[in-house]
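Visitor: For the sequence shown, position 207 (counting from the first letter as 1) is numbered 202 according to the numbering used here, and the numbering increases by one without interruption.
First the structure, which I've put down as structure tokens, then a few questions once you've had a look.
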Amino acid sequence: MVRAAVLPAVSQPLIVTEIEIPAPGPGQVRVRLAAAGVCHSDLSLSNGTLRQPVPVVLGHEGAGTVIEVGEGVTAVAPGDRVVLNWAPSCGACHFCALDEPWLCANAGAGATAPYAKLASDGSELYAGLGTAVFAEETVVPENAILPLPDGIPLTDAALLGCAVLTGYGAVHHAARVRGGESVAVFGVGGVGLSVLQSARIADAGPVIAVDVSPAKEELARAAGATDFLLASDDTAKQIRKLTGGYGADVAIECVGRADTIRTAWSSTRRGGRTTVVGIGGADQVVTFSALELFYFGRTLSGCVYGNSDPARDLPVLAEHIRAGRLDLGAMVTERIGLEGIPAAFSAMSRGVGGRALVVF
Ligand SMILES: [Zn+2]
Ligand SMILES: [Zn+2]
-4 MVRAAVLPAV
6 SQPLIVTEIE
16 IPAPGPGQVR
26 VRLAAAGVCH
36 SDLSLSNGTL
46 RQPVPVVLGH
56 EGAGTVIEVG
66 EGVTAVAPGD
76 RVVLNWAPSC
86 GACHFCALDE
96 PWLCANAGAG
106 ATAPYAKLAS
116 DGSELYAGLG
126 TAVFAEETVV
136 PENAILPLPD
146 GIPLTDAALL
156 GCAVLTGYGA
166 VHHAARVRGG
176 ESVAVFGVGG
186 VGLSVLQSAR
196 IADAGPVIAV
206 DVSPAKEELA
216 RAAGATDFLL
226 ASDDTAKQIR
236 KLTGGYGADV
246 AIECVGRADT
256 IRTAWSSTRR
266 GGRTTVVGIG
276 GADQVVTFSA
286 LELFYFGRTL
296 SGCVYGNSDP
306 ARDLPVLAEH
316 IRAGRLDLGA
326 MVTERIGLEG
336 IPAAFSAMSR
346 GVGGRALVVF
């Protein structure tokens, strides 16, 4: 039996309780979690903005140590330090064949069948995004496991699994930011901080951070923002002012709201790129006029998991961390236990803090 934070049903409070996870089957790996980041997508899954079968153990940004492997597992062995990948690719579908594993048609398979049981009454539990890291242990398929390169602290490595792969990928793969380009970043949470640090790695400038909370300024500047703006009706105008009147070469939206996406678009220069990283609800509708689509000649793109290939990108991220260019610890603003997740959700919806990290 292990302790886990269970969401009994959409919009109900999380319950920290004991669960039973069966031994790993063929091709599966059991991991003892060291830490799990609390991501905005967990909040969206808990309140029904994103859908997931319930009852569920959420959490998809985790790192830990392999403690048991099922039959046929060759990639890892007990004792290995690993990061979990919530979008494991099958290597065989249309998108994998196109070398776009972040779009793998089978990536969500781990979330659709029960994986564990409640110890109290034996009711079946689903694994949030297939990973279920809001628990002391989890069992995942072998392809959801990424070996952690040496020299990276195991607890902070949890952030690599979502915020950092997503933020770094948004800058380097989706928006393809080049040295000297101006970048505007909307939303300074875990992903936004990772985007800011990644823009610094790309040698971008100016890098303008925008958030609704003035308390985010210090965090944003420490992550590489050269300017900080408090979100207002005037944001696009202020960004044009900071970029010679043109608008940012690249605007990266990390919130997932229609009005923020619209502001990011309006803050982008003619011919620039607007990249949407935030995951919004189906009710968030953004509108553009046909004339502005033509006149501004901007590119608007979505991005899934930072358009990252985790197996390819993790060693690159590790190199940036070892060289001191990427600081995982600076993104963590709170270290909590499983009981602290509801408060972390509430802080996130109020726009307070960076990443909260559950440390086991
Ligand atoms: Zn996430
Ligand atoms: Zn695939």
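From the three backbone atoms N, C-alpha and C, an ideal C-beta is built for every residue, glycine too.
May I ask whether a heavy atom of ligand 2 can be found less than 6 Å away from the beta carbon of N101?
Guide: Yes, Cβ of N101 sits closer than 6 Å to a heavy atom of ligand 2.
Visitor: Quick one: what does DSSP say L53 is sitting in, helix, strand or coil?
Guide: Coil.
Visitor: Which partner residues of Y121 appear in the DSSP bridge assignment?
Guide: Looking at the DSSP assignment, Y121 forms a beta bridge with V51.
Visitor: Where does the unbroken alpha helix (DSSP H) through I196 begin, and where does it stop?
Guide: Per DSSP, I196 belongs to the alpha helix (DSSP H) from G185 to I196.
Visitor: Going straight from the alpha carbon of G319 to that of L312, what length do you get?
Guide: Between G319 and L312, the C-alpha separation is close to 11 Å.
Visitor: Tell me which residue opens and which closes the beta strand (DSSP E) that T133 is part of.
Guide: Run containing T133: E132 to P136, per the beta strand (DSSP E) assignment.
Visitor: In this structure, what does DSSP give as the bridge partners for R112?
Guide: It should be pointed out that residue 112 corresponds to Lys in this sequence rather than to Arg. Paired residue(s): E15 and E119.
Visitor: Say whether the segment 113 to 122 touches the segment 78 to 97, bearing in mind that this needs 3 or more beta-carbon pairs closer than 8 Å, one atom from each stretch.
Guide: No, the segment 113 to 122 is not in contact with the segment 78 to 97.
Visitor: Return the CA-CA distance between P305 and L141, expressed in angstroms with no decimal places.
Guide: Their Cα atoms are separated by approximately 8 Å.
Visitor: Which same chain residues end up closer than 7 Å to Q233 when comparing Cβ atoms and leaving out the 5 residues on each side of it in sequence?
Guide: The residues are L224.
Visitor: Could you tell me if the beta carbon of C249 falls within a distance shorter than 6 Å of some heavy atom in ligand 1?
Guide: Not so, every heavy atom of ligand 1 lies at least 6 Å from the Cβ.
Visitor: Mind pulling the beta strand (DSSP E) runs of 3 or more residues that sit fully within the segment 210 to 249?
Guide: For the segment 210 to 249, whole beta strand (DSSP E) runs of length 3 or above, ordered along the chain, are 222 to 225 and 243 to 248.
Visitor: Please report the distance separating the alpha-carbon of G184 from that of G349.
Guide: Each residue's Cα considered, the two are about 5 Å apart.
Visitor: How many angstroms separate the CA atom of C157 from the CA atom of N80?
Guide: If I take the Cα positions, the gap works out to 8 Å.
Visitor: Just curious, the beta strand (DSSP E) that V1 is in, first and last residue?
Guide: Its beta strand (DSSP E) spans residues V(-3) to L2.
Visitor: Quick check: does the Cβ of C298 come within less than 6 Å of any heavy atom belonging to ligand 1?
Guide: No - ligand 1 has no heavy atom lying nearer than 6 Å to the Cβ of C298.
Visitor: Please report the straight-line C-alpha distance between A277 and G74, rounded to a whole angstrom.
Guide: Distance between the alpha carbons of A277 and G74 is about 42 Å.
Visitor: Buried or exposed: which applies to M326, given that a residue is buried once 16 or more other Cβ atoms fall within 10 Å of its Cβ?
Guide: Counting Cβ neighbours within 10 Å, M326 comes out buried, since at least 16 surround it.
Visitor: Regarding S36 and ligand 1, is the C-beta to nearest heavy atom distance less than 6 Å?
Guide: Because some heavy atom of ligand 1 lies under 6 Å away, the Cβ of S36 counts as near it: yes.
Visitor: Is C85 near ligand 1 - that is, is its Cβ less than 6 Å away from at least one heavy atom of it?
Guide: Every heavy atom of ligand 1 is 6 Å or more from the Cβ of C85, so no.
Visitor: By Cβ distance below 8 Å, which residues in the same chain neighbour P337 in space, the five residues on each side in sequence not counted?
Guide: Hits under 8 Å: P8 and L9.
Visitor: For G187, does the count of other Cβ atoms within 10 angstroms reach 16, so buried, or fall short, so exposed?
Guide: Per the 10 Å Cβ criterion, buried.
Visitor: Nearest-angstrom Cα distance between P19 and A72?
Guide: P19 and A72: Cα-Cα distance of roughly 13 Å.
Visitor: Helix or strand or just coil, what does DSSP make of I203?
Guide: Strand.
Visitor: Helix, strand or coil for E329, going by three-state DSSP, please let me know.
Guide: Three-state DSSP puts E329 in a strand.
Visitor: Going by beta carbon distance, what residues of the same chain come within less than 6 Å of P21, once the five residues before and after it are set aside?
Guide: Closer than 6 Å at the Cβ level, and outside the excluded window around P21, lie G65, E66 and G67.
Visitor: With a CB to CB cut of under 6 Å and the five nearest residues on each side skipped, what residues in its chain are close to T150?
Guide: Answer for T150: A29, A30 and V354, listed in chain order.
Visitor: Taking the C-alpha atoms as reference points, what is the distance between V11 and R235?
Guide: Rounded to the nearest angstrom, the two C-alpha atoms are 48 Å apart.
Visitor: With DSSP as the reference, label F355 as helix, strand or coil.
Guide: Correct three-state label for F355: coil.
Visitor: Between G182 and V128, which are expected to be in contact by the criterion C-beta below 8 Å, what is the C-beta distance as a whole number of angstroms?
Guide: Contact flag wrong, Cβ pair sits at about 23 Å.
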